[in-house]
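Engineer: Numbering (the working numbering), first residue to last: 107 to 257. First the structure, then my questions, so here it is.
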Amino acid sequence: MAIEDSAPGNASRNIVKSAAAFRTISEVAEDLDVLPHVLRFWETKFSQVRPMKRAGGRRYYRPEDVALLRQIRGLLHKDGYTIKGVQRLLRDGGGKLPTAESTPFQEALIADRSAEVMQSGNPKPVDRIELIEILDELKELRRMLTDARGC
């Protein structure tokens, strides 16, 4: 572990850890530019994120946890996914999210759906569960818009 002084004569120091080192919730929150309570909330929504907990409940995130959280943050904050949408991605990906090198999720869905239509001659009807999930996402979007407007 290397230590870098942030300023000459300053008592505060930045610790540079190896890529394989475990990280505290504060370190991960700072790295991802989110608040620690957001990480704790995401743990409740994404069962794939399982930091190691020591005595007293102190969390230590593995490098793979940090990588997954970075992907989740990107999908939620940059790509506009909802929590349910990211959960669906994780469920459909067997607990893993699509990587930049893989086919984007939407394109894969379109390709699958197109193949179904070509084979059957007509689109597969949308089932009730899918409609409920869409409705939940729309309600979440409405809530977010309402909060943003301050109404």
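Glycine is no exception: its CB is placed at the ideal position from the N, C-alpha and C atoms.
Helix, strand or coil, according to DSSP, for Arg-197 in the structure here?
Structural biologist: As a first step, residue 197 must be located in the sequence shown, where it is residue number 91. If DSSP states are grouped into helix, strand and coil, Arg-197 belongs with the helices.
Engineer: For Ala-264, which residues in the same chain have their Cβ closer than 7 Å to its Cβ, ignoring the five residues on either side in sequence?
Structural biologist: Absent from the structure is residue 264, since the part of the chain shown begins at 107 and ends at 257.
Engineer: Which of the three DSSP states is assigned to Arg-165 in this structure?
Structural biologist: For this step, residue 165 is matched to residue 59 along the sequence shown. If DSSP states are grouped into helix, strand and coil, Arg-165 belongs with the strands.
Engineer: Give the DSSP-derived three-state secondary structure of Val-122 in the structure shown.
Structural biologist: Along the sequence shown, read from residue 1 onward, the residue named residue 122 stands at position 16. Strand at Val-122.
Engineer: Below 8 Å, can you find three or more Cβ-Cβ pairs linking the region 186 to 196 to the region 144 to 160?
Structural biologist: Verdict: yes, contact present.
Engineer: Tell me whether Thr-188 sits in a helix, a strand or coil according to DSSP, three-state version.
Structural biologist: Counting from 1 along the sequence shown, the entry for residue 188 is found at position 82. Note: Thr-188 maps to coil in three-state DSSP.
Engineer: So the alpha helix (DSSP H) Leu-145 belongs to, where does it begin and stop?
Structural biologist: If you number the sequence shown from 1, residue 145 lands on position 39. Note, Leu-145: alpha helix (DSSP H), 142 to 151.
Engineer: With burial defined as no fewer than 16 other Cβ atoms inside 10 Å of the residue's Cβ, what is the status of Val-134: buried or exposed?
Structural biologist: Within the sequence shown, the letter at position 28 stands for residue 134. Classification of Val-134: buried, given that the 10 Å Cβ count is 16 or more.
Engineer: Got a sec? Which residues, its chain only, sit under 6 Å from Asp-171 by beta carbon, not counting five neighbours each side?
Structural biologist: One-based indexing of the sequence shown puts residue 171 at position 65. Val-155, Pro-157.
Engineer: Val-140: which of Gly-256, Asp-242, Arg-248, Arg-179 sits nearest, CA to CA?
Structural biologist: The residue you call residue 140 lines up with position 34 of the sequence shown. Among Gly-256, Asp-242, Arg-248, Arg-179, the Cα nearest to that of Val-140 is on Arg-179.
Engineer: Run through the DSSP bridge pairs and tell me what Thr-252 is partnered with.
Structural biologist: If you number the sequence shown from 1, residue 252 lands on position 146. The bridge partners DSSP lists for Thr-252 come to none.
Engineer: Who does Lys-159 pair with in a DSSP beta bridge?
Structural biologist: As a first step, residue 159 is located in the sequence shown; it is residue number 53 there, counting from the start. Lys-159 is bridged to Arg-165.
Engineer: Closest to Arg-69 by CA distance: which of Gln-177, Arg-129, Arg-255 is it?
Structural biologist: With the chain represented from 107 up to 257, any question about residue 69 goes unanswered, as that position is not in the structure.
Engineer: Let's test the definition: count the other Cβ atoms within 10 Å of the Cβ of Leu-174 and tell me whether it reaches 16, buried, or not, exposed.
Structural biologist: Here residue 174 is taken as the residue at index 68 of the sequence shown, counted from 1. With 16 or more neighbouring CB atoms inside 10 Å of its own CB, Leu-174 falls in the buried class.
Engineer: What do you reckon, are the CB atoms on Glu-136 and Thr-188 nearer than 8 Å?
Structural biologist: In the sequence shown, counting from the first residue as 1, residue 136 sits at position 30. In the sequence shown, counting from the first residue as 1, residue 188 sits at position 82. For Glu-136 and Thr-188, no; Cβs fall outside 8 Å.
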